[in-house]
Amino acid sequence: MKVDVSGLTKSFADRLVLDGISLEVSDGEFVAVIGPSGCGKSTLFNLIAGLDTPSSGSIRVGGDDPTTSSHCAYMPQKDLLFPWRTVLDNTTLGLEVQGMSKRQARERARTLFDTFGLAGFETARPSELSGGMRQRAAMLRTVVQDREVLLLDEPFGALDALTRTEMQSWLQSVWQQYRSMVLMITHDIREAVYLADRVVVLTARPARVRREFVVDLPRPRDLSALTSPEFVAIEHELIELLHEEMQQVTPSDPSAPDRGPAKRGRGPVA
Numbered sequence: 001m002k003v004d005v006s007g008l009t010k011s012f013a014d015r016l017v018l019d020g021i022s023l024e025v026s027d028g029e030f031v032a033v034i035g036p037s038g039c040g041k042s043t044l045f046n047l048i049a050g051l052d053t054p055s056s057g058s059i060r061v062g063g064d065d066p067t068t069s070s071h072c073a074y075m076p077q078k079d080l081l082f083p084w085r086t087v088l089d090n091t092t093l094g095l096e097v098q099g100m101s102k103r104q105a106r107e108r109a110r111t112l113f114d115t116f117g118l119a120g121f122e123t124a125r126p127s128e129l130s131g132g133m134r135q136r137a138a139m140l141r142t143v144v145q146d147r148e149v150l151l152l153d154e155p156f157g158a159l160d161a162l163t164r165t166e167m168q169s170w171l172q173s174v175w176q177q178y179r180s181m182v183l184m185i186t187h188d189i190r191e192a193v194y195l196a197d198r199v200v201v202l203t204a205r206p207a208r209v210r211r212e213f214v215v216d217l218p219r220p221r222d223l224s225a226l227t228s229p230e231f232v233a234i235e236h237e238l239i240e241l242l243h244e245e246m247q248q249v250t251p252s253d254p255s256a257p258d259r260g261p262a263k264r265g266r267g268p269v270a
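Residue 1 is where the sequence shown starts when you use UniProt numbering, and the numbers rise one by one after that.
Below, the structure written as structure tokens:
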């Protein structure tokens with residue numbers, strides 16, 4: 001399984017959003033995508049997921065056109081849990097949309113509740129869950145579809161710092177267990193370095209690949225990795241690159257973000 005993006009461009013009306021992006025991701029890799037806010041990261045994921053078509057260039061997921069295949073499972077920024085459905089029935093939604101019976105879907109999803117830290121909450125409503133548990137449910141809904149590629153768009157962006165730290169460690173352990181290919185958008189540089197095998201840096205809009213970094217740190221990674229010279233060196237260089245890209249966003253540009261290019265702080269959440 002491989003994701004192969006070649007010379008990808010995407011325009012909306014007369015606005016060029018993606019400008020010749022080329023990228024390869026191999027089976028079992030964890031790749032983080034970072035770049036200035038509004039540069040087109042979510043647009044890129046929509047194209048890889050087959051939710052939209054490129055203006056030019058090509059995308060192949062497992063050799064197939066993503067608009068006519070089903071290799072990807074996409075987790076958007078918000079958990080999008082339906083308040084009227086139980087947690088179990090929220091996690092089965094993707095399977096039901098694919099045509100699986102509710103009974104079969106529930107049986108498959110139940111097997112993952114312990115792994116995802118949700119055992120005992122099958123009949124609860126989303127309003128009864130903490131933010132971290134809601135994200136676990138959304139991730140379970142994504143993973144249970146058994147797709148080869150997981151697309152995660154800022155999965156922990158709305159969480160508080162402590163919960164986010166816990167969720168990062170949990171995601172690392174789940175990924176190591178299942179070894180799906182993961183592409184993750186994040187604005188958090190430290191999160192990207194902590195979790196990923198590679199970090200892809202996009203330029204300001206129109207987005208191009210500015211640079212790729214290989215994160216050659218041993219796994220599993222714990223908090224001690226954050227203070228290693230290798231980690232600090234990669235983090236510093238990424239901060240400098242994004243700072244340079246932010247200078248390309250003019251104040252009159254409607255895509256200009258209202259926050260800095262990356263978050264920094266305590267622990268792996270930065």
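We put the beta carbon where it would ideally sit given N, CA and C, even for glycine. Remember, it's a predicted structure, so these values are computed and weren't measured experimentally.
To test your reading of the DSSP string, which unbroken beta strand (DSSP E) runs of 3 or more residues are found completely within the segment 170-211?
Counting whole runs of 3 or more residues, the segment 170-211 contains the beta strand (DSSP E) stretches 181-185 and 198-202.
Which residue wins for smallest C-alpha separation from residue 7, given the options 105, 55 and 41?
55
Does DSSP put residue 30 in a helix, in a strand, or in coil?
strand
Expressed to the nearest angstrom, what Euclidean distance is found between the alpha-carbon atoms of residue 121 and residue 92?
14 Å
Rounded C-alpha distance that separates residue 69 from residue 111:
26 Å
What do you get for residue 10, buried or exposed, if any count of 16 or more other CB atoms within 10 angstroms of its CB means buried?
Around the beta-carbon of residue 10, 16 or more other beta-carbon atoms lie within 10 Å, marking it buried.
Look at the alpha carbon of residue 268 and the alpha carbon of residue 168, and state the distance between them as a whole number of angstroms.
Low confidence applies here, because residue 268 scores a pLDDT of 38, under 50, leaving its location unreliable and the question unanswered by this model.
Could you check if residue 233 is buried or exposed, using at least 16 other CB atoms within 10 Å of its CB as the buried criterion?
exposed
Proximity below 9 Å, CB of residue 152 to CB of residue 142:
yes
As an exercise, report each continuous beta strand (DSSP E) stretch of at least 3 residues that is fully enclosed by the segment 50-93, in chain order.
56-61 and 72-75
Starting from the Cα of residue 198, find the closest Cα among 187, 34 and 220 and give me that residue.
Here the closest residue by C-alpha is 34.
Look at the alpha carbon of residue 201 and the alpha carbon of residue 209, and state the distance between them as a whole number of angstroms.
6 Å
Taking the alpha-carbon positions, what's the residue 223 to residue 14 distance?
Looking at the two C-alpha atoms, the distance is approximately 46 Å.
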